[in-house]
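Just so you know, the protein sequences line up as chains A and B, in that order. Here the UniProt record's numbering is used: position 161 in the first sequence is 161, and no number is missing along the way. Here the UniProt record's numbering is used: position 211 in the second sequence is 211, and no number is missing along the way. Virtual Cβ for every residue (Gly too), placed ideally from N, Cα, C. Worksheet for the structure shown next.
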Amino acid sequence: MTFLRVNQLKVHYPVRGGFFRKVIGHVKAVDGISFELKKGETYGLVGESGCGKTTTGRTIIGLVKATAGEILFDGKDLTKLSRREFVQYRKDIQMIFQDPYSSLNPRKRVLDIVAEPLRNFEKLSPQEEKRKVQGLIEKVGLHSDSVYKYPHEFSGGQRQRIGIARALTLNPKLIIADEPVSALDVSVQAQVLNFMKDIQKEFQLTYLFISHDLGIIRHMCDRIGIMYRGQFVEEGTKDEIFHDPKHIYTKRLLASIPNADPLRRQEQQKLRQQIEKDYEQLYSRYFDAEGRVYPLKRISETHSVAIP
Amino acid sequence: MKRSVLQIESLRVSFRIQDEYYAAVDDVSLTVHENEVLAIVGESGCGKSALALSIIGLHPPERTKLEGAVVFKGKNLLTQSVQALNQIRGKDIGMIFQDPLTALNPLMTVGKQIEESMDYHTTLSTAEKRNRTLELLEHVGIPNPSQTYDRYPHELSGGMRQRIVIAIAITCNPALLIADEPTTALDVTIQAQIIRLLKNLQQQLNTGILLITHDLGVVAEMADRVAVMYAGEIVELADVHTLFTRPLHPYTRSLLQSIPSLQTPKETLHVIQGIVPPLTKLPRTGCRFRSRISWIHESKHEPHPILREVEPNHWVRCTCYQHFYFPDGGEKA
């Protein structure tokens with residue numbers, strides 16, 4: 001069941017320069033991408049910095065305006081809605097941010113941070129509000145007395161869970177998680193990832209999981225889209241991407257993941273050199289004259305690759 | 001037998017917090033040999049960066065207490081004057097920091113920045129300096145040395161900037177390189193390139209590299225020997241192969257279980273109970289990891305744990321490793 005469909009989405013930023021600051025060009029942050037999210041799945045957006053994955057996430061939630069294209073959610077095109085109409089959809093789509101140190105207001109108590117979405121959308125008495133917030137805070141594994149504390153009194157992992165509690169207050173349907181664990185230590189990372197999996201089942205959430213870490217993407221996601229310079233390079237299920245990558249860029253990305261087995265160092269180094277050689281020799285087969293990838297071509301029911 | 005380039009002996013680094021000194025690095029002894037990468041791995045706050053910075057004297061002296069010795073070329077670096085340290089830093093000891101953008105001067109061309117270190121440490125003429133700089137740029141894999149020479153840091157990509165930082169660090173063929181999270185700010189494809197570059201430099205220049213990182217993947221790719229730090233202490237020290245195939249200390253084993261593995265995927269990741277206690281509340285006696293493996297009985301820990309050589313070249317702190325198991329039973333190799 002399609003739940004969210006992104007259709008030929010483009011986000012271009014004008015570049016101004018010269019006399020009168022005329023528009024002299026565009027930065028094509030996102031350049032015509034299409035994908036679908038099914039209910040209850042985790043979709044991973046992967047790519048290197050600057051590939052447009054974060055911009056895509058921020059456009060869906062309405063923090064960035066789309067230049068062209070559609071974002072269909074529940075049959076409505078979010079890019080065409082007026083501000084007022086958009087507000088009711090904002091309840092259904094929430095975001096978990098990367099850095100738990102800068103995404104929580106240091107001058108607000110946890111109660112006020114987590115209750116803010118409630119205050120915007122629901123009229124609750126202070127008692128009801130507190131009860132609801134305490135329930136959520138316990139759900140994310142913190143003590144209910146924590147609601148009177150300030151963000152600085154928590155560790156990184158705890159803060160990220162407060163951020164998750166805030167995202168859950170309005171029973172959203174879709175959560176956009178933009179590098180939710182990149183700022184955390186490995187042991188805390190595990191805790192947050194496990195927890196995100198648990199609440200996904202409990203609240204039947206759909207995740208759009210944005211990350212540059214392929215290990216985490218593999219752990220979390222059902223389907224994966226690989227982005228390069230604002231476009232999709234390859235899309236497929238987890239197994240297709242990791243066991244049968246078709247595009248040279250995907251292969252190169254996968255080969256550069258550090259191998260946790262020191263014995264296989266030589267082997268990995270050879271593989272990388274081979275792929276690097278292929279990358280140079282076969283470049284024109286995968287990229288056009290301007291160094292951009294070709295449009296996606298479907299090669300099986302679930303697997304698409306950008307080849308001519 | 002490789003020659004040692006740096007000996008750290010019972011180093012204790014304490015910081016003053018409200019008139020009280022707390023040790024962030026507690027009685028650490030390590031040796032870095034030539035042509036070897038010694039990795040120090042641990043989570044934030046374990047003291048790994050404090051250790052690295054104390055070697056080159058970058059802690060503010062007014063609120064830091066340094067005890068023990070750091071011996072480099074027969075001198076104890078902890079007792080050297082600033083002038084004497086300046087003769088060593090950037091010449092015999094090179095440094096590579098995490099974020100190449102903040103490590104470089106935005107108002108200076110990269111060529112001039114590389115030459116700056118030659119101004120301090122050599123007597124080369126202007127033309128010689130330029131030649132050496134172009135040579136260095138080529139050495140670290142910059143495609144167009146003579147063009148890049150006149151560029152500013154903001155004109156270069158993150159990977160190129162980190163190469164410039166590395167070029168500055170190796171200007172005077174240092175005997176020791178200290179690399180503090182050298183690839184953390186970079187993308188994976190660039191990370192792989194930088195790791196290869198550092199490995200090549202290690203062999204070509206016979207340099208000893210002290211690698212500080214939290215990323216076990218980088219350790220597996222780059223290190224020859226590994227020291228795992230927890231709460232200011234080394235809990236395990238072994239060669240990289242032993243550490244990944246036969247980790248012994250509960251902390252090392254837990255860490256390895258908490259990263260999503262590409263080889264053997266599993267549904268849930270191992271979570272280490274509790275949190276790293278803040279510096280002011282660190283337990284100073286007994287096994288510092290005991291509160292995080294509470295299912296292991298108190299009597300299994302040593303009252304005064306020491307780092308012991310349990311097999312040749314494999315050191316482990318405390319006896320609790322002999323009794324450790326995962327409560328959920330699962331540990332995949």
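ask   = When burial is assigned at 16 or more other CB atoms within 10 Å of the CB, is B/Thr133 buried or exposed?
value = Translated into the one-based positions of the second sequence, residue 133 of chain B becomes position 133. B/Thr133 comes out buried.
Closer than 8 Å at the beta carbon, the chain B residues around A/Ile224 = Numbered from 1 along the first sequence, position 224 holds the residue referred to as residue 224 of chain A. Within chain B, no residue comes near A/Ile224; the closest Cβ sits about 14 Å away, beyond 8 Å.
ask   = Residues of chain B with CB under 7 Å from A/Asp145, in chain order?
value = The residue you call residue 145 of chain A lines up with position 145 of the first sequence. Those do not exist, as A/Asp145 stays about 17 Å from chain B at its closest Cβ, beyond 7 Å.
query = Nearest-angstrom Cα distance between B/Met95 and B/Asp180?
reply = Here residue 95 of chain B refers to the residue found at position 95 of the second sequence. Here residue 180 of chain B refers to the residue found at position 180 of the second sequence. Going from the Cα of B/Met95 to the Cα of B/Asp180 covers about 8 Å.
request  = Mind checking who A/Gln274 pairs with in its DSSP beta bridge?
outcome  = Taking the first sequence and counting its residues from 1, the one referred to as residue 274 of chain A is at position 274. A/Gln274 pairs with nothing; no bridge assigned.
message = Could you compute how far the alpha carbon of B/Asn200 sits from the alpha carbon of B/Gln257?
response = For the purposes of this step, residue 200 of chain B is identified with residue 200 of the second sequence, where counting begins at 1. For the purposes of this step, residue 257 of chain B is identified with residue 257 of the second sequence, where counting begins at 1. When rounded, the distance between both Cα atoms is 30 Å.
task = Would you mind stating whether A/Glu48 and B/Asp239 have Cβ atoms separated by less than 8 Å?
result = As a first step, residue 48 of chain A must be located in the first sequence, where it is residue number 48. As a first step, residue 239 of chain B must be located in the second sequence, where it is residue number 239. No, Cβ-Cβ distance for A/Glu48 and B/Asp239 is not below 8 Å.
key: N- and C-terminal bounds of the beta strand (DSSP E) containing B/Ala167   = Translated into the one-based positions of the second sequence, residue 167 of chain B becomes position 167. Per DSSP, B/Ala167 belongs to no beta strand (DSSP E); it is in the alpha helix (DSSP H), 158–169.
query = On the premise that B/Phe289 lies in contact with B/Tyr251, defined as a C-beta separation below 8 Å, what is that separation, rounded to the nearest angstrom?
reply = Sequence index remark: in the second sequence, residue 251 of chain B carries index 251 (1-based). Sequence index remark: in the second sequence, residue 289 of chain B carries index 289 (1-based). With a Cβ gap of about 5 Å, B/Tyr251 and B/Phe289 count as contacting.
inquiry  = Using the three-state DSSP reduction, which class does B/Thr133 fall into: helix, strand or coil?
reply    = The count along the second sequence starts at 1 and reaches residue 133 of chain B at position 133. Three-state DSSP puts B/Thr133 in a helix.
query = Relative to the C-alpha of A/Val204, which residue among A/Asn7, A/Lys38, A/Ile162 is closest?
reply = If you number the first sequence from 1, residue 204 of chain A lands on position 204. At residue 204 of chain A the sequence reads Gln, which differs from the Val that was named. Closest by alpha carbon: A/Lys38.
Under 8 Å between C-beta atoms of A/Ala183 and A/Gly215 = Residue numbering aside, residue 183 of chain A sits at position 183 when the first sequence is read from its first letter. Residue numbering aside, residue 215 of chain A sits at position 215 when the first sequence is read from its first letter. In this structure, A/Gly215 does not lie closer than 8 Å to A/Ala183 by Cβ.
message = From the DSSP secondary-structure annotation, give me the bridge partner or partners of A/Gln94.
response = Numbered from its first residue, the first sequence carries residue 94 of chain A at position 94. A/Gln94 pairs with A/Ile175.
Distance between B/Gly57 and B/Ser81 (C-alpha atoms, nearest Å) = Your numbering for residue 81 of chain B matches position 81 in the second sequence. Your numbering for residue 57 of chain B matches position 57 in the second sequence. For B/Ser81 and B/Gly57, the distance between alpha carbons rounds to 10 Å.
task = Evaluate the contact criterion for the region 8–22 of chain B versus the region 54–70 of chain B: three or more CB pairs, one atom per stretch, below 8 Å.
result = yes
request  = Consult DSSP for B/Met108 and reduce its assignment to one of helix, strand or coil.
outcome  = Residue numbering aside, residue 108 of chain B sits at position 108 when the second sequence is read from its first letter. Three-state result, B/Met108: coil.
query = Under 7 Å Cβ-Cβ, which residues of chain A neighbour B/Ala220?
reply = To locate residue 220 of chain B, count along the second sequence from 1; it is residue 220. Correct list: Pro258, Asn259, Ala260, Asp261, Pro262.
query = Would B/Phe97 be called buried (16 or more neighbouring beta carbons within 10 Å of its own) or exposed?
reply = Taking the second sequence and counting its residues from 1, one reaches residue 97 of chain B at position 97. Buried, because 16 or more other Cβ atoms sit within 10 Å of the Cβ of B/Phe97.
Contact with chain A by B/Gly217, beta-carbon distance below 8 Å = Locating residue 217 of chain B in the second sequence gives position 217, counting from the first residue. Chain A contact via Cβ: present.
request  = Kindly say whether A/Gln191, judged by its beta-carbon, lies nearer than 8 Å to any beta-carbon of chain B.
outcome  = As a working mapping, residue 191 of chain A is identified with position 191 in the first sequence. Yes, its Cβ sits closer than 8 Å to a Cβ of chain B.
message = For a cutoff of 8 Å on Cβ pairs, would you count B/Ile293 as touching chain A?
response = What you label residue 293 of chain B is simply residue 293 of the second sequence in a count that begins at 1. False, the Cβ-Cβ gap to chain A never drops below 8 Å.
Near-chain A residues of the region 109–135 of chain B - C-beta to any C-beta below 7 Å = none
Helix, strand or coil at B/Gln83 according to DSSP, with G and I counted as helix = In the second sequence, the residue the question calls residue 83 of chain B occupies position 83. If DSSP states are grouped into helix, strand and coil, B/Gln83 belongs with the helices.
request  = Can you tell me which of the three DSSP states A/Arg107 falls into?
outcome  = The residue labelled residue 107 of chain A in the question sits at position 107 within the first sequence. It is coil, neither helix nor strand.
query = Looking at chain B, which residues of the region 238–259 of chain A have a Cβ within less than 7 Å of any of its Cβ atoms?
reply = Arg252, Leu253, Ser256, Ile257, Pro258, Asn259
query = For A/Asp185, which residues in chain B fall below 7 Å Cβ to Cβ?
reply = Walking along the first sequence from the start, residue 185 of chain A turns up at place 185. Residues of chain B passing the Cβ test: Glu43, Ser44, His214.
ask   = According to a CB-to-CB cut-off of less than 7 Å, which residues of the region 36–57 of chain A neighbour chain B?
value = Glu48, Ser49
ask   = Since A/Phe242 and A/Arg264 are thought to touch, with beta carbons under 8 Å apart, how far apart are those beta carbons, to the nearest angstrom?
value = What you label residue 242 of chain A is simply residue 242 of the first sequence in a count that begins at 1. What you label residue 264 of chain A is simply residue 264 of the first sequence in a count that begins at 1. About 17 Å separates the two Cβ atoms, so there is no contact after all.
key: Residues bridged to A/His12 [DSSP beta-bridge criterion]   = The count along the first sequence starts at 1 and reaches residue 12 of chain A at position 12. Answer is A/Lys28.
ask   = So, helix, strand or coil for B/Lys300, using DSSP?
value = By 1-based counting over the second sequence, the position of residue 300 of chain B is 300. Three-state result, B/Lys300: helix.
Segments assigned alpha helix (DSSP H), at least 4 residues, entirely inside the region 25–62 of chain B = 48–55
request  = State yes or no: is the beta carbon of residue 333 of chain A nearer than 8 Å to at least one beta carbon in chain B?
outcome  = Residue 333 of chain A lies beyond the residue range present for chain A, which begins at 1 and ends at 308; the question has no answer from this structure.
ask   = In or out: A/Ala115 buried (at least 16 other Cβ within 10 Å) or exposed?
value = Along the first sequence, one-based indexing puts residue 115 of chain A at 115. Buried, since its Cβ has 16 or more Cβ neighbours within 10 Å.
query = Can you tell me whether B/Glu43 is buried or exposed, with buried defined as 16 or more other CB within 10 angstroms of its CB?
reply = Working through the second sequence from its first residue, we reach residue 43 of chain B at position 43. When all chains shown are included, B/Glu43 counts as buried.
ask   = Any Cβ of chain A within less than 8 Å of the Cβ of B/Ser261?
value = Walking along the second sequence from the start, residue 261 of chain B turns up at place 261. Closer than 8 Å to some Cβ of chain A, the Cβ of B/Ser261 qualifies, so yes.
request  = Have a look at B/Lys129 and B/Gln113 and give me their C-alpha separation to the nearest angstrom.
outcome  = Position 129 of the second sequence, counting from 1, holds the residue named residue 129 of chain B. Position 113 of the second sequence, counting from 1, holds the residue named residue 113 of chain B. Spanning the two alpha carbons is a distance of roughly 11 Å.
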